[in-house]
Amino acid sequence: MAIQSEAALETGLVQTLQQMSYEYIQIDEGTNLKENFKRQLEIHNKKQLAEHGRERFTEAEFDKILLYLEGGSRFEKAKKLRDLFALELENGCRLWVSFLNKKQWCQNEFQVSNQITIEGRKKCRYDVTILVNGLPLVQIELKRRGTELKQAYNQVQRYHKTSFHGLFDYIQIFVISNGVNTRYFANNPNQGYKFTFTWTDAANTPFNDLSMFAQMFFDKCTLGKMISKYIVLHEGDKCLMVLRPYQYYAVEEILNCVQNTNKNGYIWHTTGAGKTLTSFKAAQLVSEMDGVDKVMFVVDRHDLDTQTQSEYDAFEPGAVDSTENTSELTRRLESDSKIIITTIQKLNAAVTRTWYSSRLEKVKNSRMVMIFDECHRSHFGDSHKNIVKFFHNLQIFGFTGTPIFVENSVDKRTTKEIFGECLHKYLIKDAIADENVLGFLVEYYHGNADVNNTEESRMREIAKFILNNFKKSTFDGEFDALFAVQSVPMLIRYYKIFKELKPDINIGAIFTYAANTSQEDELTGMNRGFVSERVPEADDMEDIIKDYNEMYGTAFSTENFRAYYDDINRRMKKKDPSMKSLDLCLVVGMFLTGFDSKKLNTLYVDKNMEYHGLLQAFSRTNRVLNEKKRFGKIICFRDLKNNVDAAIKLFSNNNNIEEIIRPVFDAVKKEYVELTDEFLKHYPEAHVVDYLQSENDKRNFILAFRDIIKKHAEIQIYEDYAEDDEEFPMTEQQYMDFRSKYLDIHDTFFDNQNLQAKDAIQNKEDRDEESNSIEDIDFCLELLHSDIINVAYILGLIAELDPYAEDYAEKRQEIIDTMIKDAELRSKAQLIDGFILQNVDNDKDNFLSERKRADGSSDLEERLNQYIRGEKKKAIEKVATEEELPVEVLDRYLAEYDFSLKEQTEIIQDALKEKHLGLVKRRRTLNRIIDRLRNIIRTFSWD
Numbered sequence: 005m006a007i008q009s010e011a012a013l014e015t016g017l018v019q020t021l022q023q024m025s026y027e028y029i030q031i032d033e034g035t036n037l038k039e040n041f042k043r044q045l046e047i048h049n050k051k052q053l054a055e056h057g058r059e060r061f062t063e064a065e066f067d068k069i070l071l072y073l074e075g076g077s078r079f080e081k082a083k084k085l086r087d088l089f090a091l092e093l094e095n096g097c098r099l100w101v102s103f104l105n106k107k108q109w110c111q112n113e114f115q116v117s118n119q120i121t122i123e124g125r126k127k128c129r130y131d132v133t134i135l136v137n138g139l140p141l142v143q144i145e146l147k148r149r150g151t152e153l154k155q156a157y158n159q160v161q162r163y164h165k166t167s168f169h170g171l172f173d174y175i176q177i178f179v180i181s182n183g184v185n186t187r188y189f190a191n192n193p194n195q196g197y198k199f200t201f202t203w204t205d206a207a208n209t210p211f212n213d214l215s216m217f218a219q220m221f222f223d224k225c226t227l228g229k230m231i232s233k234y235i236v237l238h239e240g241d242k243c244l245m246v247l248r249p250y251q252y253y254a255v256e257e258i259l260n261c262v263q264n265t266n267k268n269g270y271i272w273h274t275t276g277a278g279k280t281l282t283s284f285k286a287a288q289l290v291s292e293m294d295g296v297d298k299v300m301f302v303v304d305r306h307d308l309d310t311q312t313q314s315e316y317d318a319f320e321p322g323a324v325d326s327t328e329n330t331s332e333l334t335r336r337l338e339s340d341s342k343i344i345i346t347t348i349q350k351l352n353a354a355v356t357r358t359w360y361s362s363r364l365e366k367v368k369n370s371r372m373v374m375i376f377d378e379c380h381r382s383h384f385g386d387s388h389k390n391i392v393k394f395f396h397n398l399q400i401f402g403f404t405g406t407p408i409f410v411e412n413s414v415d416k417r418t419t420k421e422i423f424g425e426c427l428h429k430y431l432i433k434d435a436i437a438d439e440n441v442l443g444f445l446v447e448y449y450h451g452n453a454d455v456n457n458t459e460e461s462r463m464r465e466i467a468k469f470i471l472n473n474f475k476k477s478t479f480d481g482e483f484d485a486l487f488a489v490q491s492v493p494m495l496i497r498y499y500k501i502f503k504e505l506k507p508d509i510n511i512g513a514i515f516t517y518a519a520n521t522s523q524e525d526e527l528t529g530m531n532r533g534f535v536s537e538r539v540p541e542a543d544d545m546e547d548i549i550k551d552y553n554e555m556y557g558t559a560f561s562t563e564n565f566r567a568y569y570d571d572i573n574r575r576m577k578k579k580d581p582s583m584k585s586l587d588l589c590l591v592v593g594m595f596l597t598g599f600d601s602k603k604l605n606t607l608y609v610d611k612n613m614e615y616h617g618l619l620q621a622f623s624r625t626n627r628v629l630n631e632k633k634r635f636g637k638i639i640c641f642r643d644l645k646n647n648v649d650a651a652i653k654l655f656s657n658n659n660n661i662e663e664i665i666r667p668v669f670d671a672v673k674k675e676y677v678e679l680t681d682e683f684l685k686h687y688p689e690a691h692v693v694d695y696l697q698s699e700n701d702k703r704n705f706i707l708a709f710r711d712i713i714k715k716h717a718e719i720q721i722y723e724d725y726a727e728d729d730e731e732f733p734m735t736e737q738q739y740m741d742f743r744s745k746y747l748d749i750h751d752t753f754f755d756n757q758n759l760q761a762k763d764a765i766q767n768k769e770d771r772d773e774e775s776n777s778i779e780d781i782d783f784c785l786e787l788l789h790s791d792i793i794n795v796a797y798i799l800g801l802i803a804e805l806d807p808y809a810e811d812y813a814e815k816r817q818e819i820i821d822t823m824i825k826d827a828e829l830r831s832k833a834q835l836i837d838g839f840i841l842q843n844v845d846n847d848k849d850n851f852l853s854e855r856k857r858a859d860g861s862s863d864l865e866e867r868l869n870q871y872i873r874g875e876k877k878k879a880i881e882k883v884a885t886e887e888e889l890p891v892e893v894l895d896r897y898l899a900e901y902d903f904s905l906k907e908q909t910e911i912i913q914d915a916l917k918e919k920h921l922g923l924v925k926r927r928r929t930l931n932r933i934i935d936r937l938r939n940i941i942r943t944f945s946w947d
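Residue numbers 5 to 947, in my numbering, belong to the letters of the sequence shown in order.
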């Protein structure tokens, strides 16, 4: 039986959409795209035009509209889509042109087209396009059944580089499908495949089949609502975000309650599932509803207050008002502020202290909606009761990843009792299945089982284990770790032990302490003063902060503890490349809830935990990032297995904990052995790969070895893994040899000049049915890069060279080979080879004398920096000469990238406008120059 082709899949989808009342429009070579846009825009603005006695825009007026839509980035165009345009008509009157009906989202004009051909750097033909009011807002890329879905995603990314421009910059949502698997994602180039989503129903049942997905997601009202209400324009990152289905359903449930009932409720979404975005969208949409006076987002700690404020500001600056103190809160409540963020402590003070509450008499009866963050905390005492009692026209909604049930309740009060019914559930098992959060690898370190938890020898043994284990667990420090301990005194003892062991990683600590704890000691009552003038815990925290200041050149103290907390927060998140990171942070309770960092992957635990506290702490590690981060790693130094199992079962409504906890080492080892054994049957030696001639044969090798790369990355993080295990069919040396062949194939197909040559002779039409292209395969290169192979590591190897030694040539080649075997550093191997040639081969005596004086590296590092600057300058000048652009323009582009780590393509666009090229040639030239600048960045940027 023949496999359904891509063309058949496309035809079926178009027919389905036509049956759903989409108008089919044939758009050929892009020539009639603008003509159709004009007609549809006139239909959409029929009422506005009629007010001026018109049915059409004149050509001149339409040109003004096109000119307005042409400028700006994708992000700015997404804003224009949602704004009204003040069009000056030829008679001098003003008409407000609407591009999208955001309030009556069903009342937009929906069309479908297929095989639209657009001329960019390459001539590309898009599979299926959905046009809304004539603008292409949804692009669907299909692959035949049996093809890896990620190939469709990679094709979209290739289009970003080579094709999308003009009106296609207004795409809001992409959909990819191979018939049996279908996913959607926002138009945010290179965000990563992990940020593509399946569509589901409210019970989280996925619609993977394209026909089912189309019936649900492409329903005109649903799609109109998604584009109008559930695309978020992230001002912080200047990118588009689209809500996942469970976020959509949660917000819809809250809106329905506010609009049609006076009931309260809570949202049970597992930790790490994007609660902040969900709550922001809920608060924003509720605040826009008729009859709602104010929306308050209430957190239970000051750090979450400021964190939520910054996250909300990233979504939409100025959308919410924060409150520094209770006086500010009362002023905000009296003002026109629609959305307010505050803490439950400030809110309780405002409603219970007469000085404040007397000023709030006017708002007591206002229609108020409160959204409570993490409603498993701080809502079981008097504060919550006082707040609910004070406001007479109040609805409350809570978000939590770990509700309080009878089983984990201290006083038998539950989340349901406080907040009402659960409005929507998205449990940890759902999130792991959807790959929205990671599962956990939980390992138990027993060590010397005969010692007590608080014995010094046991703590020292654990500290040594952590230092020996750290690089393995965190991929050579690419990620960082928390160490949760039982108490503040235990943390202090651990910190001192770590300090005595002189670690080669950066270690810090943070904890809260009571300001006025008892200072009694063994001399109390004897009229002989104190044993020590030190104030326990407070002075210890001060000493830890002093160490921190020495490590990072900061100036914190317990007097500005909040600033110290914020600095640790930033360093643990590793978002700012200019900030030296904190590798390991010792905590008791802080950072175990609320802290959200994709760069945290390991939690060491010497602390008793259970139920919501346990799952909250574990969930610090399970944020999705990339292929290298496959799960959150938990290493327990206490026997918490029963507690772990109980917590997982409670919060997943499931007895099958294997869905959340990773399998034991022996099971993973068995999979790895079987995988490598089968692979070696086809490729017994690495040199066999050299004889693969067809692209299909090479593709099969890539896919087979890629599976081994993924399993190799997974297994090596287990504590029981040993690379010289005799039961492994493939030795580590064989693995490295195959890895080199794998990377060689990648470089052959993705060499920039090679791609440009292909582009000149091959276009999308020749490749439509060629679903097996190597270019569309994800090579998972992030799994083949080690952060330990950095500039310091390579310089150390160079410093050890002796150009007069017999084995010099061999040692020299080993350095180059080390770089070639690393996916990220391959592009820099030629640069280092040139540096060694200039500074070692051609300057032997000076090299030997200078390296000693420079203590082996410092002078060498400066010489390398000078060499890199010189070679980079030459590379930039070469591009400038060949592309006939001023060097200053390229320097500005690269400087902006170094500062923001974002491509500012408009810098090159503006320069090209002065060359007066045609539109197609200018687009091709722009893409070619950007590709060359990306190569410069890859080659010469090296932390």
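C-beta atoms are modelled at their ideal positions from N, C-alpha and C, and glycine is treated no differently. Just so it is clear, the structure is predicted and the values come from calculations on it, not from any experiment.
Quiz item: How many whole angstroms separate the CB atoms of V296 and V262, which I take to be in contact at a CB cut-off of 8 Å?
Solution: The C-beta separation of V296 from V262 comes to about 7 Å, placing the pair in contact by the 8 Å criterion.
Self-check item: K487, enclosing beta strand (DSSP E) - first and last residue
Solution: In the sequence on display, residue 487 carries Phe and not Lys. F487 -> beta strand (DSSP E) spans D484 to V489.
Practice problem: Label Y608 either buried or exposed according to how many other C-beta atoms from any shown protein chain fall within 10 Å of its C-beta, with 16 as the threshold for buried. | Solution: Y608 is buried by the Cβ-count criterion.
Quiz item: For Y253, which three-state DSSP category applies?
Solution: Of the three classes helix, strand and coil, the one that applies to Y253 here is helix, per DSSP.
Practice problem: Find out if the Cβ-Cβ distance for the pair L244, A287 is shorter than 8 Å. | Solution: Result no, Cβ atoms of L244 and A287 do not sit closer than 8 Å.
Quiz item: Run through DSSP, which three-state label would E74 get?
Solution: Three-state result, E74: helix.
Self-check item: Extent of the continuous alpha helix (DSSP H) to which R335 belongs
Solution: Its alpha helix (DSSP H) spans residues T330 to E338.
Quiz item: Taking just the CA atoms, how far does N137 sit from V179?
Solution: Computed Cα separation, rounded: 19 Å.
Self-check item: Identified DSSP bridge partners for C261
Solution: Under DSSP, C261 forms no beta bridge with any residue.
Exercise. Could you tell me the distance, in whole angstroms, from the CA atom of A135 to the CA atom of V373?
Key: Reading the sequence as shown, one finds Leu at residue 135 and not Ala. Roughly 37 Å between the two C-alpha positions.
Quiz item: Under the three-state reduction of DSSP, which class applies to T282: helix, strand or coil?
Solution: Residue state, collapsed to three classes: helix.
Quiz item: Just checking my contact of R634 with A717 at CB under 8 Å: how many whole Å lie between their CB atoms?
Solution: Their Cβ separation, rounded to whole angstroms, is 7 Å, which keeps R634 and A717 in contact under 8 Å.
Exercise. Indicate the three-state DSSP secondary structure (helix, strand or coil) for C426 in the structure shown.
Key: In this structure, C426 counts as strand in the three-state DSSP scheme.
Quiz item: Which residues mark the beginning and the end of the alpha helix (DSSP H) in which L37 is found?
Solution: Looking at the DSSP string, the run of the alpha helix (DSSP H) that includes L37 is L37 to H48.
Quiz item: Would you call A833 buried or exposed, if buried means 16 or more other Cβ atoms sit within 10 Å of its Cβ?
Solution: Its Cβ being crowded by 16 or more others within 10 Å, A833 is buried.
Self-check item: Coarse secondary structure for N700, derived from DSSP in three states
Solution: The answer is helix: DSSP assigns N700 an H, G or I state.
Quiz item: What is the rounded straight-line gap between the Cα of A542 and the Cα of Y556?
Solution: Near 21 Å, if we compare the C-alpha coordinates of Y556 and A542.
Practice problem: Compute the beta-carbon to beta-carbon distance between V648 and L442, rounded to the nearest angstrom, for a pair I have assumed lies under 8 Å. | Solution: So it is not a contact: roughly 16 Å between Cβ atoms.
Quiz item: Helix or strand or just coil, what does DSSP make of Q908?
Solution: Three-state result, Q908: coil.
Quiz item: Taking Cβ to Cβ, would you say T478 is nearer than 8 Å to N605?
Solution: Yes.
Exercise. Starting from the Cα of L684, find the closest Cα among T280, T735 and T186 and give me that residue.
Key: Minimum Cα distance to L684 is reached at T735.
Practice problem: Assign H238 to one of three DSSP states: helix, strand, or coil. | Solution: When DSSP states are grouped into helix, strand and coil, H238 belongs to the strand group.
Exercise. Return the chain-ordered ranges of every alpha helix (DSSP H) run that is complete within the segment 640-719 and spans a minimum of 4 residues.
Key: Runs of the alpha helix (DSSP H) inside the segment 640-719: 645-656, 669-686 and 699-719.
Quiz item: When you compare each of K127, E152, R187 and T151 to Q143 by their alpha carbons, which one comes out closest?
Solution: Ranking the options by Cα distance to Q143, first place goes to R187.
Quiz item: Below 8 Å, can you find three or more Cβ-Cβ pairs linking the segment 708-725 to the segment 673-684?
Solution: Touching, yes.
Quiz prompt | Touching by the beta-carbon criterion (3+ pairs, under 8 Å), the segment 110-119 and the segment 223-231 | solution = Yes, the segment 110-119 touches the segment 223-231.
Self-check item: Cβ neighbours of V446 in the same chain (closer than 7 Å, five flanking residues each side left out)
Solution: Sequence-distant Cβ neighbours of V446 in its own chain, meaning closer than 7 Å and more than five residues away, are I638, C640, V648 and I665.
Quiz prompt | 8 Å Cβ cutoff, I47 in contact with chain D | solution = Of the chains in the structure shown, none is chain D; there is only one protein chain.
Quiz item: How long is the line joining the alpha carbons of R336 and K368, rounded to whole angstroms?
Solution: Distance from the CA atom of R336 to the CA atom of K368, rounded to whole angstroms, is 14 Å.
Practice problem: Can you tell me which of F839, F565 and G240 puts its alpha carbon nearest to the alpha carbon of E875? | Solution: Ranking F839, F565 and G240 by Cα distance to E875 puts F839 first.
Self-check item: Same chain, Cβ closer than 7 Å to L916, neighbours up to 5 away in sequence not counted
Solution: Answer for L916: R926, T929 and L930, listed in chain order.
Exercise. Name, in chain order, the residues that DSSP records as bridge partners for A190.
Key: Bridge partners of A190: I177.
Quiz item: Is it right to say H396 is buried, meaning 16 or more other beta carbons lie within 10 angstroms of its own, or is it exposed?
Solution: Counting other Cβ atoms within 10 Å of its Cβ, H396 stays below 16 and is therefore classed as exposed.
Quiz item: Roughly how many whole angstroms lie between the Cα atoms of E292 and N553?
Solution: The straight-line gap from Cα to Cα measures roughly 46 Å.
Quiz item: CB D782 to CB N158, shorter than 8 Å?
Solution: In this structure, N158 lies closer than 8 Å to D782 by Cβ.
Exercise. Would you grab the beta carbon distance between R86 and L104 for me? Rounded to a whole angstrom, and I think it's under 8 Å.
Key: Going by Cβ atoms, the distance from R86 to L104 rounds to 6 Å, so yes, they are a contact pair.
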